[in-house]
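Working notes, structure below.
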């Protein structure tokens, strides 16, 4: 039941679309546990969640607070993140998080200290992150050192390996390269330390197509091409698949209204009540690419070419250039599709102290407001 009407600018996230994507991956990768990285969209957790999700990855104390408030069971939590402090680790242990990751030798030391201080009975489950050449994870030398110094970490159970090399992978050969790297390091750790992982947590980083149709067909293509490689790897090691963007991107829409229309030097400008502080597409810069945009108030007659600009006082706030739409009028609504992952979180929402967009969740049985609009000025105003 709709308790009130959404007011632009706002997002809608749809639980059924999210679940459909998870089930699609589950069907393509039968028997392989799936992990949802909530950084992509924590708001979807407020609705019904598919049983196919085995665990939820949280990467900060704030995200841990979110899953606690939403009563996500601690046995489903994988506590990750490149920056961990002892207080963060102790809080995750107190909640009962099933698995924690270590991305450095210092992390291992802090995990040991946290487990000891919290009086962990048995051992704390830890998976070690192997670096793909970025700031995340440990070198091969550090992994070998940690595993060969087990006597230094009596409260830790090193149960697996974590690997993620980046997002935007649209070719199966990139997945194959990742898996071959993981095979190589696991073989070395087996030879050096007798390490047999109980879990190999792999973030696929599957690309989501935002600009070049056919969009869904391209999304399906990477899944279908990579699935045989992942299934084969899962026969060798206990694989878990971690995804965020790929699960959530299609479940969200961003709605914004036309507030002003003008023609300047032959260019038709439509000024919107939203803007780049609300909506963000991975890979877009200065509206050089065209995202999927739907016009709600279509009219008969010839179309016109518009440049869509947001409400910020910067020339960077351009959402689309040279888009063909039926003649626009004030209060017409435009919908930016495929904004279910990262968009609402990554955009610079505090810039210019405008209002944050409303967030709505369509659970299938009801449409509910899950975050009201609020002024960024409440955050930006100086103390004193």
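Numbering (our numbering), first residue to last: -18 to 365. All residues carry an ideal CB built from backbone N, CA and C; glycine is no exception. Keep in mind it's a predicted model, so treat the numbers as computed, not measured.
Exercise. What are the partner residues of residue 141, as DSSP defines its beta bridges?
Worked result: 108, 180
Exercise. Of all the options 86, 98, 80, which has the alpha carbon lying nearest to the alpha carbon of residue 68?
Worked result: For the residues 86, 98, 80, the minimum Cα distance to residue 68 belongs to 98.
For this session: Identify, in the order they occur along the chain, each residue of the same chain with its Cβ nearer than 6 Å to the Cβ of residue 238, setting aside the five sequence neighbours on each side.
Result: -11, 254, 312, 314
Exercise. Secondary structure at residue 53, three-state DSSP: helix, strand or coil?
Worked result: Of the three classes helix, strand and coil, the one that applies to residue 53 here is coil, per DSSP.
For this session: Between the Cα of residue 226 and those of 322, 202, 12, spot the shortest distance and give me the residue it belongs to.
Result: 322
Exercise. Are the Cβ atoms of residue 96 and residue 128 separated by less than 9 Å?
Worked result: For residue 96 and residue 128, no; Cβs fall outside 9 Å.
For this session: Starting from residue 191, follow the beta strand (DSSP E) in both directions and report where the run begins and ends.
Result: Per DSSP, residue 191 belongs to no beta strand (DSSP E) and is neither H nor E.
Problem set entry | Contacting residues, own chain, Cβ-Cβ under 8 Å from residue 76 (five flanking each side not counted) | Closer than 8 Å at Cβ, skipping near neighbours: 45, 49, 55, 58.
For this session: Look up residue 233 in the DSSP assignment and say whether it is helix, strand or coil.
Result: strand
For this session: Please state whether DSSP places residue 352 in a helix, a strand or coil.
Result: strand
Problem set entry | Element boundaries [beta strand (DSSP E), containing residue 170] | Careful: residue 170 lies outside any beta strand (DSSP E), inside the alpha helix (DSSP H) at 153 to 174.
Exercise. For the stretch 201 to 276, which segments carrying the alpha helix (DSSP H) assignment without a break, of at least 4 residues, lie completely within its bounds, in sequence order?
Worked result: 226 to 229
Problem set entry | Residues near residue -18 by beta carbon distance below 6 Å, same chain, minus five either side | Because the pLDDT of residue -18 is 40, which lies under 50, any placement of that residue in the model is unreliable, and the number read from its coordinates should be weighed accordingly. Cβ neighbours of residue -18 beyond the five flanking positions: 347.
Exercise. How about residue 60: is its Cβ closer than 8 Å to a heavy atom in the ligand MG?
Worked result: No copy of the ligand MG appears in this structure; indeed no ligand is present at all.
Exercise. Which term fits residue 131, buried or exposed, when burial requires 16 or more other beta carbons within 10 angstroms of its beta carbon?
Worked result: exposed
Exercise. DSSP on residue 150, reduced to helix/strand/coil?
Worked result: Residue 150 falls in the strand class under three-state DSSP.
Exercise. What are the start and end residues of the alpha helix (DSSP H) that includes residue 69?
Worked result: 67 to 76
Problem set entry | Opening and closing residue of the beta strand (DSSP E) in which residue -8 lies | -9 to -5
For this session: Under 6 Å Cβ to Cβ from residue 24, same chain only, skipping five residues before and after it: list those, please.
Result: -6, 340, 351
Exercise. Should residue 364 go down as buried or exposed, given a rule of 16 or more other Cβ atoms within 10 Å for buried?
Worked result: exposed
Exercise. Roughly how many whole angstroms lie between the Cα atoms of residue 174 and residue 125?
Worked result: 7 Å
For this session: Could you have a look at residue -15 and say whether DSSP puts it in helix, strand or coil?
Result: coil
For this session: For residue 304, I'd like the list of residues in its chain whose CB is within less than 8 Å of its CB, leaving aside the five on either flank, ordered along the chain.
Result: 271, 274, 286, 287, 288, 289
For this session: Could you tell me which residues DSSP puts in a beta bridge with residue 398?
Result: In the structure as shown, the chain starts at -18 and stops at 365, and residue 398 therefore has no counterpart that could be examined.
For this session: State buried or exposed for residue 358, treating a residue as buried only when at least 16 other CB atoms are found within 10 Å of its CB.
Result: Residue burial is scored here from C-beta neighbours: residue 358 has fewer than 16 other C-beta atoms within 10 angstroms and is therefore classed as exposed.
Exercise. According to DSSP, which residues form a beta bridge with residue 336?
Worked result: 356
Exercise. Three or more beta-carbon pairs under 8 Å between the stretch 110 to 126 and the stretch 192 to 203, yes or no?
Worked result: no
Exercise. Hey, how far is the Cα of residue 262 from the Cα of residue 135?
Worked result: 45 Å
Exercise. Exposed or buried, residue 103, counting other C-beta atoms within 10 Å across all chains shown (16 or more means buried)?
Worked result: exposed
Problem set entry | With 16 other Cβ atoms within 10 Å as the buried cut-off, status of residue 52 | exposed
For this session: Return the chain-ordered list of same chain residues with a C-beta closer than 7 Å to the C-beta of residue 169, the five sequence neighbours on each side being excluded.
Result: 121
Exercise. When you compare each of 39, 42, 279, 188 to residue 200 by their alpha carbons, which one comes out closest?
Worked result: For the residues 39, 42, 279, 188, the minimum Cα distance to residue 200 belongs to 188.
For this session: In the DSSP assignment, find the unbroken alpha helix (DSSP H) run with residue 126 in it and report its ends.
Result: Judged by DSSP secondary structure, residue 126 falls within the alpha helix (DSSP H) whose first and last residues are 121 to 129.
For this session: Mind checking who residue 82 pairs with in its DSSP beta bridge?
Result: 108
Exercise. In this structure, what does DSSP give as the bridge partners for residue 18?
Worked result: 38
Exercise. Does the separation of the CB atoms of residue 181 and residue 210 fall below 9 Å?
Worked result: no
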